[in-house]
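With the working numbering, you'll find the sequence shown wraps up at 178, consecutive numbering, no jumps. Where is the CB? At the ideal position from N, CA and C, for every residue including glycine. Bear in mind that the values here come from a model prediction, so they are computed numbers and not experimental data. A short worksheet on the structure shown next.
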Amino acid sequence: METKQDKTREIGKAIVVATRPDELEALRAWAQTMLDIRSNSSMPMISKAKAAIVASTDRKVLAPILQVAWQELKRVGWKERGLPARMAMAAAAAALTLSGQGAGIAALGGAIGVPLFVVFGAGGALAGVIIDEIRKK
Numbered sequence: 042m043e044t045k046q047d048k049t050r051e052i053g054k055a056i057v058v059a060t061r062p063d064e065l066e067a068l069r070a071w072a073q074t075m076l077d078i079r080s081n082s083s084m085p086m087i088s089k090a091k092a093a094i095v096a097s098t099d100r101k102v103l104a105p106i107l108q109v110a111w112q113e114l115k116r117v118g119w120k121e122r123g124l125p126a127r128m129a130m131a132a133a134a135a136a137l138t139l140s141g142q143g144a145g146i147a148a149l150g151g152a153i154g155v156p157l158f159v160v161f162g163a164g165g166a167l168a169g170v171i172i173d174e175i176r177k178k
């Protein structure tokens, strides 16, 4: 059985592989910044959230992370589901798409959610894995 640590390492490797070679340094710097923000105990939570979002505005950094996150979401949310669940998700996606602003809101949610997950959630391990994998490369 695969542990959370193994899965984190696998996702970290996938992010590094999805990153173009000329963008690896930006990704490493981002991961280090996320760890620094996370470990700063004197900083209030709202300031940490703002700093994480500001540090994550570089498209070079977020593109490979969101690409891998989308692939994982697709695997868990679509490929491993039955027909009734797929039909319900397709209907929800169609409703969001037809409403006009759904896609923009979803993209914004991912762009904000990833840095907050790294700073406040279990993503600190992911940032460490990303740094290790880039150093190996």
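Checklist entry - Can you list, in chain order, the stretches of the alpha helix (DSSP H) that have 4 or more residues and sit fully within the segment 66-123? => result As far as the segment 66-123 is concerned, its whole alpha helix (DSSP H) runs of at least 4 residues are 86-96, 100-115.
Checklist entry - Going along the chain, which residues of its own chain have a beta-carbon closer than 7 Å to the beta-carbon of I175, five neighbours each way excluded? => result Here the set comprises V57, L65, L68, R69.
Item to check | Straight-line gap, A168 to A126 (C-alpha atoms, nearest Å) | outcome: Near 32 Å, if we compare the C-alpha coordinates of A126 and A168.
Next on the checklist: So, for A59: in the same chain, excluding its five sequence neighbours on each side, which residues have a beta-carbon less than 6 Å away from its beta-carbon?
Outcome noted: Correct list, in chain order: P105, Q108, V109.
Next on the checklist: Spatial neighbours of R50 within its chain, please: C-beta separation below 7 Å, excluding the five flanking residues on both sides.
Outcome noted: Cβ within range, chain order: V170.
Checklist entry - For V102, which option in I87, Q112, D63, P85 has the closest C-alpha, if you only look at C-alpha atoms? => result Considering only alpha carbons, the answer is D63.
Next on the checklist: Output needed for K89: all residues of its chain with C-beta closer than 8 Å, excluding positions within five of it in sequence on either side, in chain order.
Outcome noted: I78, R79, N81, V160, F161.
Checklist entry - Which value, in whole angstroms, describes the spacing of the CA atoms of A147 and M84? => result Interpretation of A147 is limited by its pLDDT of 49, a score under 50 that renders its predicted location unreliable; no figure is taken from the coordinates.
Checklist entry - Between P156 and M75, which are expected to be in contact by the criterion C-beta below 8 Å, what is the C-beta distance as a whole number of angstroms? => result Right, the Cβ-Cβ distance comes to about 6 Å (below 8 Å), so this counts as a contact.
Checklist entry - For G162, which of helix, strand or coil comes out of DSSP? => result DSSP, read as helix, strand or coil, puts G162 in coil.
Item to check | For R50, the first and last residue of its enclosing alpha helix (DSSP H) | outcome: Its alpha helix (DSSP H) spans residues 45-59.
Checklist entry - On the three-state DSSP scale, how would you describe K178? => result Residue state, collapsed to three classes: coil.
Item to check | Cβ-Cβ separation, I172 to E113 (assumed contact under 8 Å), whole Å | outcome: The beta-carbon separation of E113 and I172, rounded to 20 Å, does not stay under the 8 Å limit for a contact.
Next on the checklist: Going by C-alpha to C-alpha distance, which of K54, A166, L124, A72 sits closest to K178?
Outcome noted: Of all alpha-carbon atoms in K54, A166, L124, A72, the one lying nearest the alpha-carbon of K178 is that of K54.
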